[in-house]
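Colleague:
Residue numbers (this note's numbering): 690 to 1336.
(1) Who are the Cβ neighbours of residue 1038 in its own chain at under 6 Å, not counting the five residues just before and after it?
(2) Of all the options 1238, 1242 and 967, which has the alpha carbon lying nearest to the alpha carbon of residue 1251?
(3) In whole angstroms, give me the CA-to-CA distance for residue 1036 and residue 1025.
(4) Give, in chain order, every unbroken run of the alpha helix (DSSP H) that is at least 4 residues long and sits entirely within the region 1005-1044.
(5) What is the DSSP secondary structure of residue 1218, counted as helix, strand or coil?
(6) Taking 8 Å as the threshold, find out whether the region 869-877 comes into contact with the region 912-930 through three or more Cβ pairs.
(7) Measure from the alpha carbon of residue 709 to the alpha carbon of each residue in 1160, 1240, 878 and 1234, then state which is nearest.
(8) In chain order, which alpha helix (DSSP H) runs of at least 4 residues are fully inside the region 894-960?
(9) From what residue to what residue does the beta strand (DSSP E) around residue 1232 run?
(10) Helix, strand or coil, according to DSSP, for residue 737 in the structure here?
(11) Assuming contact is defined by CB atoms lying nearer than 9 Å, are residue 1086 and residue 1113 in contact in what I supplied?
(12) Locate the alpha helix (DSSP H) running through residue 1127, then write down its first and last residues.
(13) So the candidates are 1199, 1064 and 739; which of them puts its Cα closest to the Cα of residue 1155?
(14) Suppose you measure from the CA of residue 1093 to the CA of residue 977; what does that come to, to the nearest Å?
(15) Helix, strand or coil for residue 1157? Go by DSSP, reduced to three states.
(16) Taking the CB atoms as reference points, tell me whether residue 879 and residue 970 lie closer together than 9 Å.
(17) By the 10 Å Cβ neighbour count, where 16 or more other Cβ atoms means buried, how is residue 1111 classified, buried or exposed?
(18) Nearest to residue 975 by CA position, among 1168, 861 and 964, is which residue?
(19) Taking the straight line between their C-alpha atoms, what separation do you get for residue 963 and residue 883?
(20) If I measure Cβ to Cβ from residue 1227 and keep anything under 8 Å in the same chain, skipping five residues before and after, which residues do I get?
(21) Using only CA atoms, which one of 900, 941, 1213 and 1236 lies nearest to residue 1196?
(22) If you check the beta carbons only, do residue 1202 and residue 1178 fall under 9 Å apart?
(23) Tell me whether the beta-carbon of residue 981 lies closer than 9 Å to the beta-carbon of residue 857.
(24) Have a look at residue 960 and residue 934 and give me their C-alpha separation to the nearest angstrom.
(25) I'd like the list of long-range same chain contacts for residue 944, defined as Cβ closer than 7 Å, with 5 residues on each side in sequence excluded.
(26) Out of 1109, 1051, 1090 and 1059, state which residue places its alpha-carbon closest to the alpha-carbon of residue 1073.
(27) Per DSSP, what kind of secondary structure is residue 1052 in: helix, strand or coil?
(28) Which same chain residues, not among the five before or five after residue 1132, have their C-beta less than 7 Å away from its C-beta?
(29) Short of 6 Å in beta carbon distance, which residues of its chain neighbour residue 892, apart from the five on each side in sequence? Order them along the chain.
(30) Buried or exposed for residue 1004, going by 16 or more other Cβ atoms inside 10 Å?
(31) Which word fits residue 1013, buried or exposed, when buried means at least 16 other C-beta atoms lie within 10 angstroms of its C-beta?
(32) List the endpoints of the continuous alpha helix (DSSP H) containing residue 1092.
(33) What are the partner residues of residue 729, as DSSP defines its beta bridges?
(34) Just how far apart, CA to CA, sit residue 1135 and residue 1091?
(35) Measure the alpha-carbon distance for residue 1249 versus residue 890 and round it to whole angstroms.
(36) By how many angstroms is the C-alpha of residue 915 removed from the C-alpha of residue 896?
In structure tokens, the structure reads:
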């Protein structure tokens, strides 16, 4: 076996370093952090380690956070104090205790303020009032539809009224605080309205990506015991019609616990219908009162469950809580993307993934800025689709995946040329490390050399961004995730011994030393799996499952998932095996990154094996493609993959 070395290979040390972008450096709007790296380091040092209390205890800091993010009942001192009582960085062992056994301070209770008719309000934030300087009548979401003949839309007065009534529809179905509601919707602003309707009444939403199969939907609905499911008649993507309601009906054949299906009329075409169970969203909204008083919640009450691929083949239902998650979402949008009042944020992810939750819905709305929902693909009906969207809506922050950027680069920069992209200030990358070639294309042809590029690292389990450049303060290197966000203390460990690797120029396993607000609290119904997956491999640290390097300048470079092959070839010691032996069957199975989404090879293989035409052979070759997609060649397996949600 090859000898493992902790020394960084120096392959990145000669990388180009890009200064703070002109559109931030020369703007009348002063960046929230900057203009120098020292400013970041000074603030970051106050948020971690022994001195963290000084940051959170500052009265002016607490007031500014509260004013930006949340309205509280008058009896509360501050949400941040509640966080300190729960986390007490460096004073409480990082053991991931079972949330059901935690005692949560009463001071963490929160309540929503009233929103304007045109703003969809959530449990702790209102789209129109969170920023305090926002214009109440400004639309807070707009949808870029898949068909070019359909104009981009924002919630109208009547549609917003129906959305405002949606929480009462759910309550009329018998939904109570703490109940779980499944959402299976395509990219439309109604999806965001469904999120917020659940949050308004204290229900826990569980969103299933609308491209998943009936079987995948069934498994997730059953696992979280949903009684209500929200969906649509049909969806549209890339010029194709998707029989969404028919997929739901197939899934619910084995979900007897679902008593109500709320259906959005999207295309208006006839769809299968179960009398007594299925209800049209618009009809139900018209018969209930529009105003629904917000539910008062504890900071540790669950906000949502989101399933992420696990290497055992069974997806994990990651649970995020109300207070901590929203704080992480709001602060990262503010500081990573340097948002200001009147900004327009465009995240090109799907609401079915964590990126859509945090950076389409909760994060932008908590900051009181407009968010856009992009329905379609980057290339339909034209590869200029993104840039038409930016030009039309004067987008200021644009957030996409390297897979899409590489695709558009291959199709040629002439699709970008000719569009007015001067409104852009910050360009983001998410899902996987961006390769230097794509980074340079993004910078030169989209940003025109004027925008900051933030290559962000985070996971479903982290809830919000944990490693990132700060656009007004940090010089960037193409491909580097750069530095930890506020409140995040990263470390690199020797994978064999678990020893901390100090200094720069090292490579190993990336862990996080301390708890942070948006950390997932558990795996739904399986807290033991949560502890074994994230806490047990390296006691005292959160295990990300990724390798990383820290270069000579202290920049963090993400090296990719630590799979079973790399473990067995590079980290063979007994100590390491003892740390992760309980995970080896899962790690060897591996989790692969496909277009920025983690998919389990075990789940894919189980689909192939369970399909009668697939036999027991999971695949016989790698087709050598470099765009992050995986393929398996088996006889007659396509139907099996579809049946299990493989993409």
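Every residue gets a Cβ at the ideal spot worked out from N, C-alpha and C, and that includes glycine.
Modeller: Let me spell this out:
(1) The beta carbon of residue 1038 sits closer than 6 Å to the beta carbons of 1044 and 1045 from its chain, once the five residues preceding and following it are set aside; these are given in chain order.
(2) The candidate whose alpha carbon is nearest that of residue 1251 is 1238.
(3) Taking the Cα positions, residue 1036 is about 13 Å away from residue 1025.
(4) 1011-1025
(5) helix
(6) yes
(7) With distances taken between CA atoms, residue 709 lies nearest to 1160 out of 1160, 1240, 878 and 1234.
(8) 903-913 and 933-941
(9) Its beta strand (DSSP E) spans residues 1231-1239.
(10) coil
(11) yes
(12) 1125-1130
(13) Answer by Cα proximity: 1199.
(14) One C-alpha to the other measures close to 42 Å.
(15) Three-state DSSP puts residue 1157 in a strand.
(16) Going by C-beta atoms, residue 879 is nearer than 9 Å to residue 970.
(17) exposed
(18) 861
(19) Computed Cα separation, rounded: 21 Å.
(20) 1182, 1187, 1198, 1200 and 1268
(21) Per the C-alpha coordinates, the member of 900, 941, 1213 and 1236 positioned closest to residue 1196 is 1236.
(22) yes
(23) yes
(24) 7 Å
(25) 907, 910 and 911
(26) Nearest to residue 1073 by C-alpha distance, out of 1109, 1051, 1090 and 1059, is 1109.
(27) In this structure, residue 1052 counts as helix in the three-state DSSP scheme.
(28) 1138 and 1142
(29) 864, 868 and 870
(30) buried
(31) buried
(32) 1091-1100
(33) Bridge partners of residue 729: none, in fact.
(34) One C-alpha to the other measures close to 13 Å.
(35) Whole-angstrom Cα-Cα distance: 39 Å.
(36) 11 Å
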